[in-house]
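**Student:**
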Amino acid sequence: MTTLLSYDDAIAAFDPAMGLEVHVELNTATKMFCGCPTEFGAEPNTQTCPTCLGLPGSLPVVNRKAVESAIRIGLALNCGVAAWCRFARKNYFYPDMPKNFQTSQYDEPIAFNGYLDVQLEGGEVFRVEIERAHMEEDTGKSTHVGGATGRIHGASHSLLDYNRAGIPLIEIVTKPIVGAGARAPEVAKAYVAELRELIKALGVSEARMEMGQMRCDVNLSLRPHGREKFGTRSETKNVNSLRSVERAARYEIQRHAAVLTSGGTIVQETRHFHEEDGSTAAGRIKEEAEDYRYFPEPDLVPVAPSREWVEELRAGLPELPSVQRKRIQADWGLSDHEMQSVLNAGAIELILATIAEGADAASARKWWMGELARRSNEDGIELAALPITPAQVARVAALVAEGSLNDKLARQVIEGVLDGDGDPDTVVEKRGLKVVSDEGALGSAVDEAIAANAAIADKVRGGNLAAAGALIGAVMKTTRGQADAKRVRELILERLAAQG
Amino acid sequence: MPEISRDEVRHLADLARIELDDAELDHLAPQLSVILESIASIAGVAAADIPPTSHALPLTNVYRDDVVVPCLTAEQALSGAPASEQQRFSVPRILGDEQ
Ligand SMILES: [Zn+2]
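These protein sequences, in sequence, are chains A and B.
Numbered according to my numbering, the first sequence spans residues 1 to 500.
Numbered according to my numbering, the second sequence spans residues 1001 to 1099.
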């Protein structure tokens, strides 16, 4: 059993340094160096060719779209873009690449020296420096046969599907992240979250972590407070959700601290993250860069993006998520706290889509952050997964705006939509949820209420307007809530004035 | 003169998951040194005015469009494999650690 130091004790004694390596699978139609399709879920080994199988005599050719995506990612991360760079072979002995090497970039990445500002809970901004972003290719997928749990250990042999081998990847590497102290795990999570938003905004990948389109390796090392040099680092591979990134960093801080305080040494190794309990376990002893015997790829010519092309791509960058958030917060007039809850709820895109369907910002936000957020909490599902569309929410808002629904009825309509009763209009029809706008019917309900509550009516006549609330309540009761309270109040005051 | 030490050969063998005994190391290390030496003689031909290059042709920016082309069928892809199973390439047990 691994010993851990308590998190507070670990942070009291040590400074953490983190390095995050994020792999993003691009959404190009074809692979990095050949025209094979990249579609997910195809039958094994149906998306290969001599190039991605590494057969003799085949030659790779670079996918222009992948280079374009790499440059756009670099620019969005405030990086410099290389005027000239090459691919390199990363040699290693493992069957997930049939070529026996992975085509990557070594000391000449396409993008370098950038940063990404990430916002932490509470509004504090932390700048994460980017070392580089480089182009490479994904590996094949192995299945291990004969072992008890599908793991390598104890397996009799392994089976390889090379459909994924050669799909374009961009690896984004941070500089050591220091100075975050106790908040280091939170910074790690916020960085990956921000990067994911950025990648999605650029449209270069769907960046769905649960599908492996974005994968994170967490490097971590500690130094005792006051020391300059950090200790040996561990590298936790394939941490594949935002929550896991935070947990892995936290776990490694506690594990390193326990080893170091008990006089032990940290082994430089790769570790595996276990989703079930948030722990990490030792993997292979880390190979040194020289073990990969990198050398420039002789089958590919250098990539030398013209400055015109780079500037054209820069000019075409979309509004970046951090800028968009600031604009939205100002447009909607939200406090930092309100904005944070909108972000935490994952509601930005839904609210924007609802506004695009014709709702005003205030009511779009009100429904998503109110009734719908409540339902998503209750049902334990993401807001976006609720069975209601922005168009339907916009329709409910429109019905309220035109006076056909009041808030109470609107909530029932939303409930109906969520229960699968159909569109808002259908639900209104089916459940008979319409504000009583028939002035005659409303008028007699008001007359009844005044007659039945003569004492209260007198108070209102005497100038105590607050007392009108009881009369409104009575009318709402007889109309089963289906009246517009504002109109009811008007009618009551009109009638009492006329009678007074 | 490039020379590859016995320890370096042992390290390479470890990376390749190849087990070499002392006799094999004694035998291979000098052989690899000779091979390296032969290749290094090429460096002697290149004078200072010839910059190192990774490609024979002075080309840059050779790209293809992101357009799918027909690929191999699974049968074709697997036809050269020594062994296959479940439409996948079958490889011997992987030693050492999982990746
Ligand atoms: Zn291919």
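Even glycine gets a Cβ: it sits at the ideal position worked out from N, Cα and C.
Can you list, in chain order, the stretches of the alpha helix (DSSP H) that have 4 or more residues and sit fully within the segment 395-462 of chain A?
**Tutor:** Taking only runs of at least 4 residues, the alpha helix (DSSP H) segments lying wholly in the segment 395-462 of chain A are 407-418, 424-431, 439-452, 454-461.
**Student:** Can you find the residues in the same chain that come closer than 6 angstroms, C-beta to C-beta, to Ser158 (chain A), ignoring five residues on each side of it along the sequence?
**Tutor:** Only Ser142, His144 meet the Cβ criterion.
**Student:** Within the 8 angstroms Cβ cut-off, does Pro1051 (chain B) reach chain A?
**Tutor:** Chain A contact via Cβ: absent.
**Student:** Whose CA, out of A:Asp291, A:Ile130, A:Glu371, A:Val301, lies closest to the CA of Leu1057 (chain B)?
**Tutor:** When each option's Cα is compared against that of Leu1057 (chain B), the closest is A:Val301.
**Student:** Helix, strand or coil for Asn268 (chain A), going by three-state DSSP, please let me know.
**Tutor:** According to the sequence as given, residue 268 (chain A) is Gln; it is not Asn. Residue state, collapsed to three classes: coil.
**Student:** Put Gln1099 (chain B) into one of helix, strand or coil per three-state DSSP.
**Tutor:** At Gln1099 (chain B) the pLDDT is 41, less than 50, meaning the model places this residue with poor confidence; the figure from the coordinates comes in the next sentence. Coil at Gln1099 (chain B), not helix or strand.
**Student:** Pull up the distance between the alpha-carbon of Gln1099 (chain B) and that of Gly283 (chain A), whole angstroms please.
**Tutor:** Note on Gln1099 (chain B): pLDDT 41, under 50, position unreliable in the model; no value is reported.
**Student:** Is any heavy atom in ligand 1 found nearer than 7 angstroms to the beta carbon of Gly57 (chain A)?
**Tutor:** Gly57 (chain A) Cβ: outside cutoff for every heavy atom of ligand 1.
**Student:** Is Leu59 (chain A) close to chain B? Criterion is C-beta to C-beta, closer than 8 angstroms.
**Tutor:** Chain B, which has no Cβ nearer than 8 angstroms to the Cβ of Leu59 (chain A), makes this no.
**Student:** Can Ala472 (chain A) and Arg489 (chain A) be called in contact, C-beta distance under 8 angstroms?
**Tutor:** Rather than Ala, the amino acid found at residue 472 (chain A) in this sequence is Ile. Yes, they are a contact pair.
**Student:** Quick test of your reading: Thr174 (chain A) and Val128 (chain A), contact by CB under 8 angstroms. State the CB separation rounded to the nearest angstrom.
**Tutor:** About 5 angstroms separates the two Cβ atoms, so the contact holds.
**Student:** Using a threshold of 8 angstroms, state whether the C-beta atoms of Glu520 (chain A) and Arg271 (chain A) are closer than that.
**Tutor:** This structure does not reach residue 520 (chain A), given that chain A is present from 1 up to 500, and the question cannot be answered.
**Student:** According to DSSP, is Ala282 (chain A) helix, strand or coil?
**Tutor:** Strand at Ala282 (chain A).
**Student:** Count the C-beta pairs between the segment 480-494 of chain A and the segment 1002-1021 of chain B that are closer than 8 angstroms, then say yes if the count reaches three, no if not.
**Tutor:** Segments in contact, no.
**Student:** Hey, how far is the Cα of Pro224 (chain A) from the Cα of Gly123 (chain A)?
**Tutor:** If you take the alpha carbons of Pro224 (chain A) and Gly123 (chain A), they lie about 28 angstroms apart.
**Student:** I want to verify the contact list: residues of chain A whose CB lies under 7 angstroms from the CB of Ala1077 (chain B), in sequence order.
**Tutor:** Here the neighbours are Asn45, Thr48, Leu53.
**Student:** Using a Cβ distance threshold of 8 angstroms, determine whether the segment 350-370 of chain A contacts the segment 392-400 of chain A, with at least three qualifying pairs required.
**Tutor:** Short answer: they touch.
**Student:** Is Thr38 (chain A) near ligand 1, with its Cβ less than 7 angstroms from a heavy atom?
**Tutor:** No; taking the cut-off as 7 angstroms, the Cβ of Thr38 (chain A) has no heavy atom of ligand 1 nearer than that.
**Student:** Within the continuous alpha helix (DSSP H) that includes Glu129 (chain A), where are the two ends?
**Tutor:** Glu129 (chain A) -> not in any alpha helix (DSSP H); beta strand (DSSP E) instead, spanning 125-137.
**Student:** What does Ser1079 (chain B) pair with, by DSSP beta-bridge criteria?
**Tutor:** DSSP output for Ser1079 (chain B) lists no bridge partner at all.
**Student:** For Thr354 (chain A), which three-state DSSP category applies?
**Tutor:** Correct three-state label for Thr354 (chain A): helix.
**Student:** Using a Cβ-Cβ cut-off of 7 angstroms (strictly less than) and excluding sequence neighbours within five positions of Ala88 (chain A), which residues of its own chain qualify?
**Tutor:** Ser104, Gln105, Tyr106, Tyr294, Phe295, Pro296, Glu297, listed in sequence order.
**Student:** Is any heavy atom of ligand 2 found at a distance shorter than 7 angstroms from the C-beta of Gly54 (chain A)?
**Tutor:** Inclusion of ligand 2 in the displayed structure is not the case, the ligand content consisting of ligand 1 alone.
**Student:** Taking 7 angstroms as the cut-off, is the C-beta of Cys1071 (chain B) nearer than that to any heavy atom in ligand 1?
**Tutor:** Cys1071 (chain B) Cβ: within cutoff of ligand 1.
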